[in-house]
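> Going down the list, the sequences are from chains A and B. Each number in the numbering used here comes from the position in the first sequence (counting from 1) with 36 added on. Each number in the numbering used here comes from the position in the second sequence (counting from 1) with 494 added on. For every residue, glycine included, the Cβ atom is placed at its ideal position computed from N, Cα and C. Given the structure is predicted, the values throughout are model-derived calculations rather than measurements. First the structure, which I've put down as structure tokens, then a few questions once you've had a look.
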Amino acid sequence: MERAEQTREVISARDLGVVACTRCLQVWPQGVQTCARCGHKLVQRDLKSLQRVWALWIIGFMCYIPANIYPMLRTRTLFYVQEDTIVGGAIELMHHGSIGVAAIILIASVVIPLAKFMAIAFLAISVTRPSTVSQNQRQLLYEVVEYIGRWSMIDIFVVAILSSLVQLKVLVAINPGLASLFFALSVIFTMLSAQAFDSRMIWDAQQQGKGQKQE
Amino acid sequence: MNDAPAPVPIDPARESFLGRASIVWVIPLIALVIALAVAWQSYNDRGPLIAVQFENGAGIASGQTELRFRDVTVGVVETMSFAEGLDGVIAQIRLEKEIAEFVDAGASFWVVRPELSVQGVSGLDTVLSGIFIEGSWDSEVGPTRTQFKGLETAPLFQPGKDGLQLALRTTPGGSLTDNAPILFRGIEVGRVGPARISREGSFAIAEAIIYEPHGRLITRATRFWDTSGFSVSLGPAGAEVDFSSIASLVGGGLTFDTFVSGGGRVSDGTVFEVYPDQISARNSVFNASETELLELRVIFDENISGLAIGAPVEWSGLRIGSVESLSGIVDADAFGDNRVRLDVVIGIQPARLGLQGEINPERALDFLSTRVGEGLRARLATGSLLTGGLKVELVEVEEPEPAAIIVSPDEIATLPSTDSEISDATATVEGVFTRINSLPIEELLNSAIGFMQSAEAFVSSEALRETPQEVRALLGDMRGIVASEDVQNIPVTLNAALSRIEAILAQIEEGQAVERVVAAIDAATEAAGSVNASVAGVPELIDNLSSVAAKAEAMPLEELTEQLTELLGSADAILSTSAAQDLPASLGAALDELNATLAELREGGAVRNVNATLSSAREAADAVALSSRDLPALVERITEVFDQASRTIEGYNKGDVISRDAQAALRDISQAADALTSLARLLERNPSALIRGR
């Protein structure tokens, strides 16, 4: 609440009549169309940001579905071929007693991506309607989402490394499954979706609310 | 930029939907389209689902086990479930679309598992990859079917493997190795599938395939035999173990060969018999049923026992068939009388006729028809002299009555017959036995027995038994007569008489009565000559006589006289025996006179009575000369002997060895007596010979 109290006194750049470049953070007076330093287009508010967020979010989610249906890893040994989906593999690991590893895989491949989807969706929704969550918390959530998004690629790294290392011809071979591609796409699109979110809108909602109150 | 206008409020005028929409929406749309397209395509590409029922689901994994056709995956088992009634498992197999239409009613499915057998290893790849289901179907689209029954093993006939499809059948009581390779010259050219036992259980039958292009090796004359196991033979070359290969030794196998040419190509489904070994297979070419039999009917006028079903049908000594059935037939319309005829159906094996080209009953019938036109006939002949069994023989008759094979569409063709040639050994033997039987053996035996009995009675009769004894007694009597002292002493007596004559003559000489003697001697000489000529043994006698005379001369007269008396007595006795009765009376008289003379000598002086004696002697000599004129030579010799004797006596007078010499002389006398014995025998046989010179 303390932070919430503080945020109330936050004055947005728009209020000050300036606009900041979202790339190099150079502040320009309003009306300047292009950042003279980095050449980035200067916009007060990205009006289509939410659309991009949602579009990319949808693609990411679409990719996440086959990423869980198709096998992530195709392990071919001398006697059998095993294809494991993300969840199936984790469960199998758990059956084998590697609960820690299973937990890591589950967290990295299931919990975090799902949390990300929810977080982005929450942020995208929260900017358009009143929210009980304070702007500061939402800002923090956004930063966490953006920061953690890249770590979801750890699964892809593991698959890539295993596939390249474990290629012992006939004896054993590990190949990436179809899911790895979708999972990578899903991570990429969720990252893009998160990036597409214009975090400034978090504060606009407050101002709008404030303005409405003022009016 | 400070002169920029104050921020305008949000334009209330709404932009168009497309204007407000971000271009980024294209991406999810494309993704959606792609996803939908992929989904639709995958759904569209999905082939139909077929259900294959197997005995068990060993190794079949849902979603993993593949269905392969020519070792290319064309489907995957989606689910496994139990069949109705739990009597099997059903694998639901998702086929690939492009192959689905070929999986029709003729398709077959089986599970390929790794298999280690004597013939080798198969399905080794399934060790690593897991088992898979192999499907087989032809390349033609047939009626669709979704329910199949899986096979336990790979089918023998697969569309991918072309070959001649055969069926192999065991000989009755034979055996068959199934699931085995068919080898030819050591190369696997085919395979026998699993065998099944016929419903009656009398033989086993198995399908077999001969892979192309080896099908041309099989003709109708081909014989198959089992090469499993081994054979051990002991012969002059040593022990021999024979087997074709280790694989076939352990796992069995079949091989085949075509021993004779002339068999045509065979078509799929032909049934062949499998023989236990090569020898029986080879033999079977000549005695097995190669093709359909040509059945012919023969009517024999005679109805002779001895023909049996299975009896051989021969042509030129070669068996070409056998008698199939026998029956009697009475058909007055056809034969003109009501006699029972022999209706024989013979089965002729066309292959045995040695026809070239295709062999079938029709061709054999044509061939036989031609030969019947040339005189071929069937007849009954003796098959076995021992059993009297008959056979049917096809012979060519010289100058035959025209005949032909009667062919009627519904009945068996009839082969004309001719007179039987039955060397009726049985009948002959029977005749002999009948004749022997009719011999009056019993009467003969009865007669013989009667004869034997009579003979026995005769032989055992008292009279006959006594006969030998009587004969023996007779012989004994005869021997007694011959051996009687009297008979034997005849010569001795004679000898003594002669000796006495000798002595008398010596005394006459001594008494110088030579001139008187001369006449006597002359007569005696004549007689002796005759005797010499007629009697061969006389010289010895004369020798004896001479020696006797000499001794007599040396002996005292008294003793001599006594001896002579005894001798003459004996001689008298002999001469008085019945045996000497035939002696001439003149000799007897002479001896009587000699006796008288000797008596006078005994009584008085010798010289005084000499004259009378000499006259008597002369008379006796005359009588002797009369009766035996042939004695002059003897007398001559006696004279010589007398000379010698006198000389000898003179020599003896000088010494005192007289007594010894006398003993020797006595021995000589006995020798002379022996000689006289033989003479006596002669005389015994013919007493008058000495006297009569005959």
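(1) By the 10 Å Cβ neighbour count, where 16 or more other Cβ atoms means buried, how is T664 of chain B classified, buried or exposed?
(2) Taking CB distances under 9 Å as the criterion, tell me whether Q535 of chain B reaches chain A.
(3) Examine chain B for any beta-carbon lying closer than 9 Å to the beta-carbon of V208 of chain A, and answer yes or no.
(4) Could one say the Cβ of L561 of chain B lies closer than 9 Å to chain A's Cβ atoms, at least one of them?
(5) Tell me, please, whether the CB atom of I554 of chain B is closer than 9 Å to any CB atom in chain A?
(6) Can you give me the C-alpha to C-alpha distance between E924 of chain B and G800 of chain B, rounded to a whole angstrom?
(7) Step through the CB atoms of chain A and report whether any lies within less than 9 Å of the CB of P542 of chain B.
(8) Please state if the CB of A907 of chain B and the CB of L790 of chain B are separated by a distance shorter than 9 Å.
(9) For a contact defined as C-beta to C-beta under 7 Å, what are the partners of Q88 of chain A on chain B?
(10) Just tell me which of A:A196, A:I156, A:S188, A:D191 has its CA closest to the CA of E179 of chain A.
(11) How would you list, in chain order, the residues of chain B whose beta-carbon sits under 7 Å from the beta-carbon of Y116 of chain A?
(12) Does chain A have any CB closer than 9 Å to the CB of V606 of chain B?
(13) Would R639 of chain B and V597 of chain B qualify as a contact pair, given that the criterion is a beta-carbon distance under 9 Å?
(14) Go through its chain and collect everything with a Cβ distance to V779 of chain B's Cβ below 8 Å, but skip five positions before and after it.
(15) Under 7 Å between beta-carbons, which chain A residues line up against A529 of chain B? List them in chain order, please.
(16) Can you tell me which of B:F626, B:G553, B:E964 puts its alpha carbon nearest to the alpha carbon of V566 of chain B?
(17) Label Q641 of chain B either buried or exposed according to how many other C-beta atoms from any shown protein chain fall within 10 Å of its C-beta, with 16 as the threshold for buried.
(18) Leaving out the 5 sequence neighbours to the left and right, which residues in its chain are closer than 6 Å to S222 of chain A when beta-carbon positions are compared?
(19) Determine the DSSP secondary structure at M574 of chain B, reduced to helix, strand or coil.
(20) Got a sec: is the Cβ-Cβ distance from Q558 of chain B to anything in chain A below 9 Å?
(21) What's the gap between the Cα of A990 of chain B and the Cα of E950 of chain B?
(22) Would you check if the distance between the CB atom of I135 of chain A and the CB atom of I122 of chain A is smaller than 9 Å?
(23) Three or more C-beta pairs closer than 8 Å, one from the stretch 191 to 202 of chain A and one from the stretch 46 to 60 of chain A: is that the case here?
(24) Any idea if P675 of chain B is buried or exposed, counting beta-carbon neighbours within 10 angstroms, 16 or more meaning buried?
(25) Using a C-beta cutoff of 9 Å, does P770 of chain B count as contacting chain A?
(26) Hey, does I691 of chain B have any beta-carbon neighbour from chain A nearer than 9 Å?
(27) For V54 of chain A, which of helix, strand or coil comes out of DSSP?
(28) Under 7 Å Cβ-Cβ, which residues of chain B neighbour I95 of chain A?
(29) Taking A160 of chain A as the query, report the chain B residues whose CB atoms sit under 9 Å from its CB, ordered along the chain.
(30) Under 9 Å, Cβ to Cβ, is there at least one residue of chain A near V566 of chain B?
(31) Along the stretch 60 to 94 of chain A, where does the CB come closer than 7 Å to a CB of chain B? Name the residues.
(32) Starting from W809 of chain B and walking both ways along the beta strand (DSSP E), at which residues does that stretch end?
(33) Tell whether a beta-carbon distance below 9 Å holds between D191 of chain A and M130 of chain A.
(34) Hey, quick one: how far does the alpha helix (DSSP H) through R973 of chain B stretch, first residue to last?
(35) Nearest chain A C-beta to V621 of chain B closer than 9 Å, yes or no?
Let's see:
(1) buried
(2) no
(3) no
(4) no
(5) no
(6) 16 Å
(7) no
(8) yes
(9) Note that residue 88 of chain A is Arg in the sequence shown here, rather than Gln. The answer, in chain order, is S516, V518.
(10) A:I156
(11) G624
(12) no
(13) yes
(14) A715, R717, F753, V754
(15) M98
(16) B:F626
(17) exposed
(18) G96, C99, Y100, A103
(19) strand
(20) yes
(21) 58 Å
(22) no
(23) no
(24) buried
(25) no
(26) no
(27) strand
(28) I521, P522, A525
(29) Those within 9 Å of A160 of chain A in chain B number zero; the least Cβ separation is about 13 Å.
(30) no
(31) P65, Q66, G67, V68, K84, Q87, R88, A91, L92, I94
(32) 806 to 809
(33) no
(34) 956 to 977
(35) yes
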